[in-house]
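Quick notes on the structure that follows.
Number of protein chains: 2
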Amino acid sequence: MRTDEKTLAERLRALALEQDPVRLRAEAEGIMPEDLAEALSRLDGAERLAILESLEPSQAAETLVELPTEAARAIINQLPDTTVAHYLDILPMDDAAELREELDPDRFEALLKVIPDEDAEEIRRLLSYPEDSAGQIMTEDFVEVPPTATMAEVLAIIRDASQEEFETVNYIYVLSEDRHLLGVFSLRRVLRTPAEVLARDIMNPDPVSVPVEVKDEEVARIMSRYGFAAIPILDLRGRMLGIVTADDAQEVLEEAQTEDVLAFGGVVGDAEAYLSLSIWQLVKRRLPWLLILFVAEFFTGSVLRYYTKTSEKGGDTLLAQLMLFVPLLIGAGGNAGSQVTTTITRALALGEVSARDWFLVIRRELSVSGMIGFTLGFLGFVRAAIPDPWGWNQPISLSLVVGLALPCIVVWAATVGSLLPIGAKGVGQDPAVMSAPFISTFVDATGLIIYFEVARRVLGMYGLSF
Amino acid sequence: MRTDEKTLAERLRALALEQDPVRLRAEAEGIMPEDLAEALSRLDGAERLAILESLEPSQAAETLVELPTEAARAIINQLPDTTVAHYLDILPMDDAAELREELDPDRFEALLKVIPDEDAEEIRRLLSYPEDSAGQIMTEDFVEVPPTATMAEVLAIIRDASQEEFETVNYIYVLSEDRHLLGVFSLRRVLRTPAEVLARDIMNPDPVSVPVEVKDEEVARIMSRYGFAAIPILDLRGRMLGIVTADDAQEVLEEAQTEDVLAFGGVVGDAEAYLSLSIWQLVKRRLPWLLILFVAEFFTGSVLRYYTKTSEKGGDTLLAQLMLFVPLLIGAGGNAGSQVTTTITRALALGEVSARDWFLVIRRELSVSGMIGFTLGFLGFVRAAIPDPWGWNQPISLSLVVGLALPCIVVWAATVGSLLPIGAKGVGQDPAVMSAPFISTFVDATGLIIYFEVARRVLGMYGLSF
Chain A
15 MRTDEKTLAE RLRALALEQD PVRLRAEAEG IMPEDLAEAL SRLDGAERLA ILESLEPSQA
75 AETLVELPTE AARAIINQLP DTTVAHYLDI LPMDDAAELR EELDPDRFEA LLKVIPDEDA
135 EEIRRLLSYP EDSAGQIMTE DFVEVPPTAT MAEVLAIIRD ASQEEFETVN YIYVLSEDRH
195 LLGVFSLRRV LRTPAEVLAR DIMNPDPVSV PVEVKDEEVA RIMSRYGFAA IPILDLRGRM
255 LGIVTADDAQ EVLEEAQTED VLAFGGVVGD AEAYLSLSIW QLVKRRLPWL LILFVAEFFT
315 GSVLRYYTKT SEKGGDTLLA QLMLFVPLLI GAGGNAGSQV TTTITRALAL GEVSARDWFL
375 VIRRELSVSG MIGFTLGFLG FVRAAIPDPW GWNQPISLSL VVGLALPCIV VWAATVGSLL
435 PIGAKGVGQD PAVMSAPFIS TFVDATGLII YFEVARRVLG MYGLSF
Chain B
15 MRTDEKTLAE RLRALALEQD PVRLRAEAEG IMPEDLAEAL SRLDGAERLA ILESLEPSQA
75 AETLVELPTE AARAIINQLP DTTVAHYLDI LPMDDAAELR EELDPDRFEA LLKVIPDEDA
135 EEIRRLLSYP EDSAGQIMTE DFVEVPPTAT MAEVLAIIRD ASQEEFETVN YIYVLSEDRH
195 LLGVFSLRRV LRTPAEVLAR DIMNPDPVSV PVEVKDEEVA RIMSRYGFAA IPILDLRGRM
255 LGIVTADDAQ EVLEEAQTED VLAFGGVVGD AEAYLSLSIW QLVKRRLPWL LILFVAEFFT
315 GSVLRYYTKT SEKGGDTLLA QLMLFVPLLI GAGGNAGSQV TTTITRALAL GEVSARDWFL
375 VIRRELSVSG MIGFTLGFLG FVRAAIPDPW GWNQPISLSL VVGLALPCIV VWAATVGSLL
435 PIGAKGVGQD PAVMSAPFIS TFVDATGLII YFEVARRVLG MYGLSF
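This is the structure we're talking about:
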C-alpha cells in the first residue's frame, strides 16, 4: 500500500540532519516521487533542499514536479542553474514546461539556452499556447504513421524508438502529408492484423479530437466522460499537434474539483497542499472572502436598525419576541439557498444542465422549495406557539408570522440560489465562485426584509404593531 | 466536440413520437452511450423506454449502464426478461454486475440462470465481494502468463484472443502456478524485446497491488495519485484475482467527489443527475438535512430567550442594541468555521493530513483564526462605534463587546471546524458528512453564548447590565 508520509518525512529529516547523502539516497530508492513530494511538504525549506540535492537527479526532478507550486518555487530559487537545467533536460517536456510557473521569466529564458535546442523549442512551443489550454498539457511525443504504412512498419517504429520518444504507444495516429488526422488504431489491433495490411485499411476514420485552444478542464471532462486514454489535439487548421493523455487530464480535473470544493467553503486561491502553505498564506487565502462576507453582513444590521427604529413605543416586547426568531429564519434561508447553489453548480459543471435550461431549473426549484418551505413553516409555527420554559408568552399572531415568513424566505433563497450560478455560467464566469457562503450572506439580509414585512402585515391584521 | 444533449433529446423525442424505430436507430448510430444516456435523462419514462427499445441492443445495453440509477431502474422494470438477459450477456462483466443495483434480487437471480453459466459465475463472484470494494469494480479479463513464457508466446496470446477476452492488453501479469503475482511488464516492452526472451527476465518484480477488500474509492485514489492505468487486485492469500482499470477508477472517484460537494452544501444521498430526479426525490434529498439544521437552530432561540429573560429592567435598550449585531457575529463564525471544515476535509480526503496530525492542524488553525479574528474584531469595533443614520447612539462599551466577541467566536469556530472532521476520520466516518452547514449551525448557537458572556463581563466593567 501507500508509503506513510509522516514516517517517511521523519526518516528523511533524520538522515538530512546527519548529513548522510549516501544513506539518504538509498533510503529514497524505489519510493514514488508522489510520496517523496508529500513527505517533503511536511518539512521546512532547508530540510527539503538538503534532501532533494541528495537524491538521484531524475528522482529529484520528478519529485520537484510533484511538489505544490509554492514549495517548488522556494526550492528552485535556491538551486544552482546547472542543476535546474539538468532537471529540465531529464523531465518529459510537458512536465518541464510546468516548471516555468515556478521560475522567474528571465531565469527560465536563460535556462532554455543551456538545454538541448530541440527540447527548448518544444518547451517554447507548449508555452506559446493560451494559459490553461489543451496545448499546455499535451505532449508532442505520439506515434504517427502515413496511411500507407504496413503493420510491420508500425511495429518497427515502436520497436526502434527509445523509451522516452513516445509518451504512449497504445494508440497509433494516421496523418496525411500535410499533418491532418485521418484516423487512429490501437496497438492491440496492430498485433491482431497481418503484417502486410496498410494503416488506412484498419484505422478508425472518425476519431474524436479537440482544438488546441480549448480549456484544459474541458478536454479533461470530455476524456473522463468517455473514458478515453488519450485524445488528439488539432490546430486551427485541423493539423494534429499532439495528444493529451489520461494521467495529465486526471490531474487537471482533480485540481479543478479541489478548487470548486474550496470555493463552496469560501476559500479562494489555487489548490495547494494544506501543510505546504504557511500560516500567512492560509490567512491570505481565507481572509478576503470573510471580509467581503463580513462587510456584506453589515447590511443585515442596517435592516434590523431600520425596522427597530421605526418601531413604535409599546411595541418593544413584540419586537424583542420577533428578534428571537431571526437566527432561525436566516439560518433556514441560508441553508436552503446553499443546497440549491451546490446542486445547480454541480449540475452545470458536469454538463447536466446548461444556462439555456434556466426556466426548467427555476420551475423545478420553485416546486421543491415550495414543499420544503411549507414543511419548515409548519414546524416553525408549532415551535413558536409552544409556551416557553423561560416564561415568554407569545401571541398566536407571532407564530403566524414565523410560519408564513419561512416559506417566503425559503422560496426566495432557492430562487436566488439557482439563478445566480446559472447567470454566472451564462456570462462565462465560474459558477462555483457564486458559492454557498455568498448566497447565505445575501439571503441573511434580504430574508430579514421579508420577515419584517410579513410581520408588519400579519400583526397589522391583529391590530398590533412593533 | 460533444453532442448537444438538449437538441439530441428533442430529436429523439420527435422520432419516438413518430414511432419510427428505423430512423431513430439511424439517428442514434455512432452517438456515444454517455451522450445518449444524458439525452434520455431529459425525457420522461415512456419516451426513454420507447427510444431504448428501438436502439441496436449493444448500444441500448451500454446506454442503460450509463443512465443514473433511478432512471435505469425504472426502465429495467418495464423491460421483458429476455431483453435484460440479452443486455447482461452483451455487457462487460463488471458493467453487468452494476445492473444488479437496479434489479430486485429475485429477478436478478432468475436472469443469471438464463445467461451463459460462465458469465453468471463471474458476475456472482464479483458480487460476492464487499459493497464498494475493489472486488466490485475489478475485471477478471487480464493477460496472465507463467514466468517461463517467451515474448513470442505472449504476442501469440494477445493475437489469438477475441476482442472481448481482455479488458486491456497493455500490461501483462506474470503469475506463479498457485496464482501469486510475480511481476508485470508492458506490451511496449514485449515489442522491444527479442522473441525468445522469457517473461521472468524482463518483468518488473515489484508491482504495486491492492487487496480485494480495500474500498473502491481508496483504490481509485492510489491509481490517480500515481497515474496508474491499471492495478492488480489480490485476495487475502496474495493470489491475483483481477485488475482495476483507470476508467472504472475514474468513475468511482467522480461519484465520490460529487457526493462530497453535495455533502458540503448540505444535500444527502447518492450522486444522481439533477434532471433525472423527480421533484419529490429532490425534496427527499434536501429536506432531512434542512430539518436537522432547523431543529438544531431552535437552540439559538433558546440561548436568546435565556439571555433576554435574565435581562434586567432598564437594560432593554442595551439588549436591543446587542441584538442588532447577532446576525453579523453568527455569520462571521459560521463562515470562518465553514472555511476550516472545507479545507481540512479536503486535506484528509487527499491524504495530505491524517487523523494523527490533529495537534499540528489545531496549532496552525489557532494561529490562522487568531489573525483573522483580530482583523474582523477590529473592523467590527469600528463599525459598531460609527454613529448610525437611523439615530442609534451606541456606547463605546458595546463596540468593545463586538470587537472582543468576534475573535473569540472565530477562534472557537475554527477549533470546532477542524476538530470535527478530524474526529470523524479518526473514528472511521466520512468527514464530508460533518459538512459546512452543520458547523455553521452549531457555531450559531454556541457563538451566541460567547457573545452574551463577553457582553455581560465587558458591560459589567462599565457598570452596565442588560
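Chains A and B supply the protein sequences, listed in that same order.
The numbering used here puts the first sequence at residues 15 to 480.
The numbering used here puts the second sequence at residues 15 to 480.
Just so it is clear, CB atoms sit at the ideal spot from N, CA and C, and this is done for glycine as well.
Would you check if the region 440 to 456 of chain B and the region 302 to 310 of chain B touch, i.e. whether three or more CB-CB distances between them fall below 8 Å?
yes
For proline 225/A, which beta-bridge partners are listed by DSSP?
For the purposes of this step, residue 225/A is taken as the residue at position 211 of the first sequence. In DSSP, proline 225/A forms a bridge with Leu248/A.
Contact between the region 175 to 184 of chain B and the region 203 to 219 of chain B (3+ Cβ pairs under 8 Å)
No, because fewer than three Cβ pairs between the region 175 to 184 of chain B and the region 203 to 219 of chain B fall closer than 8 Å, the two stretches do not touch.
Asparagine 349/A - DSSP class collapsed to helix/strand/coil:
On the first sequence, residue 349/A is found 335 positions in, with the first residue counted as 1. Note: asparagine 349/A maps to helix in three-state DSSP.
Tell me where the beta strand (DSSP E) around valine 258/A begins and ends.
To locate residue 258/A, count along the first sequence from 1; it is residue 244. Where valine 258/A is concerned, the enclosing beta strand (DSSP E) stretches over 254 to 259.
Is asparagine 218/B buried or exposed, if buried means 16 or more other CB atoms sit within 10 Å of its CB?
In the second sequence, the residue the question calls residue 218/B occupies position 204. So asparagine 218/B counts as exposed.
By the three-class DSSP mapping on this structure, what secondary structure does serine 411/B have?
For this step, residue 411/B is matched to residue 397 along the second sequence. The answer is helix: DSSP assigns serine 411/B an H, G or I state.
Is the CB-CB distance between isoleucine 410/A and alanine 428/A below 8 Å?
Walking along the first sequence from the start, residue 410/A turns up at place 396. Walking along the first sequence from the start, residue 428/A turns up at place 414. Contact: no.
CA-to-CA distance, isoleucine 172/B to arginine 202/A, given in whole angstroms
Counting from 1 along the first sequence, the entry for residue 202/A is found at position 188. Counting from 1 along the second sequence, the entry for residue 172/B is found at position 158. Spanning the two alpha carbons is a distance of roughly 8 Å.
Along the region 240 to 262 of chain A, where does the CB come closer than 8 Å to a CB of chain B? Name the residues.
Going along the region 240 to 262 of chain A in chain order, one finds Tyr240, Gly241, Ala243, Ala260 and Asp261 with a Cβ nearer than 8 Å to chain B.
Does the beta carbon of aspartate 334/B come closer than 8 Å to any beta carbon on chain A?
Within the second sequence, the letter at position 320 stands for residue 334/B. Inspection of the sequence shows that residue 334/B is occupied by alanine rather than by aspartate. Alanine 334/B counts as touching chain A.
Please work out which residues of its chain come closer than 7 Å, Cβ to Cβ, to valine 424/B, disregarding the five sequence neighbours upstream and downstream, and give them in chain order.
On the second sequence, residue 424/B is found 410 positions in, with the first residue counted as 1. Cβ neighbours of valine 424/B beyond the five flanking positions: Ala346, Gly347, Ala350, Ser383, Ile386, Gly387 and Leu390.
Between leucine 54/B and chain A, is the shortest Cβ-Cβ distance under 8 Å, so that the two count as touching?
Here residue 54/B corresponds to residue number 40 of the second sequence, with the count starting at 1. So, not an interface residue.
Can the beta-carbon of methionine 448/A be found less than 8 Å from the beta-carbon of alanine 438/A?
On the first sequence, residue 448/A is found 434 positions in, with the first residue counted as 1. On the first sequence, residue 438/A is found 424 positions in, with the first residue counted as 1. Yes, Cβ-Cβ distance for methionine 448/A and alanine 438/A is below 8 Å.
With 16 as the cutoff for other CB atoms within 10 Å, does methionine 15/B come out buried or exposed?
Counted from its first residue, the second sequence places residue 15/B at position 1. Low confidence applies here, because methionine 15/B scores a pLDDT of 39, under 50, leaving its location unreliable and the question unanswered by this model.
For a test of the three-state rule: what should DSSP assign to isoleucine 45/A, helix, strand or coil?
Position 31 of the first sequence holds residue 45/A. If DSSP states are grouped into helix, strand and coil, isoleucine 45/A belongs with coil.
Check whether the region 152 to 162 of chain A touches the region 273 to 293 of chain A, taking contact to mean three or more Cβ pairs, one atom from each stretch, closer than 8 Å.
no
I'd like the span of the alpha helix (DSSP H) that includes isoleucine 484/B, first residue to last.
Because chain B is modelled from 15 through 480, residue 484/B falls outside the range shown and cannot be assessed.
Residue range of the unbroken beta strand (DSSP E) whose run includes tyrosine 9/B:
There is simply no residue 9/B to check, as chain B begins at 15 and stops at 480 in what is shown.
State the CB to CB distance for the pair threonine 153/B and threonine 259/B, rounded to an integer number of angstroms; the pair is presumed to be in contact (CB under 8 Å).
Walking along the second sequence from the start, residue 153/B turns up at place 139. Walking along the second sequence from the start, residue 259/B turns up at place 245. Right, their Cβ atoms sit about 7 Å apart.
For isoleucine 89/B, does the count of other Cβ atoms within 10 angstroms reach 16, so buried, or fall short, so exposed?
Stepping through the second sequence from its first residue, residue 89/B is reached at position 75. Its Cβ being crowded by 16 or more others within 10 Å, isoleucine 89/B is buried.
Does the region 41 to 59 of chain B come close enough to the region 243 to 256 of chain B to have 3 or more Cβ pairs within less than 8 Å?
Short answer: they don't touch.
Strictly under 8 Å for the Cβ-Cβ distance: is arginine 27/A near chain B by that measure?
Counting from one through the first sequence, the residue named residue 27/A turns up at place 13. Cβ-Cβ to chain B under 8 Å: no for arginine 27/A.
Cα-Cα separation between proline 130/B and proline 94/B, rounded to whole angstroms:
By one-based count along the second sequence, residue 130/B stands at place 116. By one-based count along the second sequence, residue 94/B stands at place 80. So the alpha carbons of these two residues sit roughly 18 Å apart.
When you compare the CB positions of leucine 38/B and alanine 30/B, do they come within less than 8 Å of one another, or not?
Along the second sequence, read from residue 1 onward, the residue named residue 38/B stands at position 24. Along the second sequence, read from residue 1 onward, the residue named residue 30/B stands at position 16. Yes, Cβ-Cβ distance for leucine 38/B and alanine 30/B is below 8 Å.
Compute the distance between the beta-carbons of leucine 462/B and leucine 332/B, then report whether it is under 8 Å.
Residue numbering aside, residue 462/B sits at position 448 when the second sequence is read from its first letter. Residue numbering aside, residue 332/B sits at position 318 when the second sequence is read from its first letter. Result no, Cβ atoms of leucine 462/B and leucine 332/B do not sit closer than 8 Å.
Could you round the C-beta distance between aspartate 274/A and alanine 446/A to whole angstroms and report it? I think they count as a contact, below 8 Å.
Within the first sequence, the letter at position 260 stands for residue 274/A. Within the first sequence, the letter at position 432 stands for residue 446/A. The Cβ separation is near 4 Å, so the contact holds.
Near leucine 307/A, which residues of its chain fall below 8 Å by C-beta distance, leaving aside the five closest residues on each side in sequence?
The residue you call residue 307/A lines up with position 293 of the first sequence. Around leucine 307/A: Gly280, Pro451, Phe452 and Thr455.
Using C-beta distances below 6 Å, list every residue in its chain close to alanine 287/B, excluding the 5 sequence neighbours before and after it, in chain order.
In the second sequence, residue 287/B corresponds to position 273, counting from 1. If the five residues before and after alanine 287/B are omitted, its C-beta is found closer than 6 Å to the C-beta atoms of Ser55 and Pro82, all from its own chain and listed in chain order.
Run through DSSP, which three-state label would glutamate 269/B get?
The sequence position of residue 269/B within the second sequence is 255, counting from 1. Looking at glutamate 269/B - three-state DSSP - the assignment turns out to be helix.
Nearest-angstrom Cβ-Cβ length linking leucine 196/B and valine 204/B, presumed shorter than 8 Å
Along the second sequence, one-based indexing puts residue 196/B at 182. Along the second sequence, one-based indexing puts residue 204/B at 190. No, leucine 196/B and valine 204/B are not in contact; Cβ-Cβ is about 16 Å, not under 8 Å.
When burial is assigned at 16 or more other CB atoms within 10 Å of the CB, is arginine 235/B buried or exposed?
Taking the second sequence and counting its residues from 1, the one referred to as residue 235/B is at position 221. Arginine 235/B comes out buried.
Contact list for the region 121 to 151 of chain A against chain B, Cβ threshold 9 Å
Cβ contacts with chain B: none found.
If we define contact as Cβ-Cβ less than 8 Å, is arginine 37/B a contact residue for chain A?
The count along the second sequence starts at 1 and reaches residue 37/B at position 23. When Cβ-Cβ separations below 8 Å define contact, arginine 37/B makes no contact with chain A.
At a Cβ cut of 7 Å, what residues of the region 303 to 315 of chain A count as close to chain B, listed as they run along the chain?
Leu304, Leu307, Phe308, Glu311, Phe312, Thr314 and Gly315
is_contact[valine 382/B, chain A] using C-beta, thresh 8 Å:
As a first step, residue 382/B is located in the second sequence; it is residue number 368 there, counting from the start. So, interface residue.
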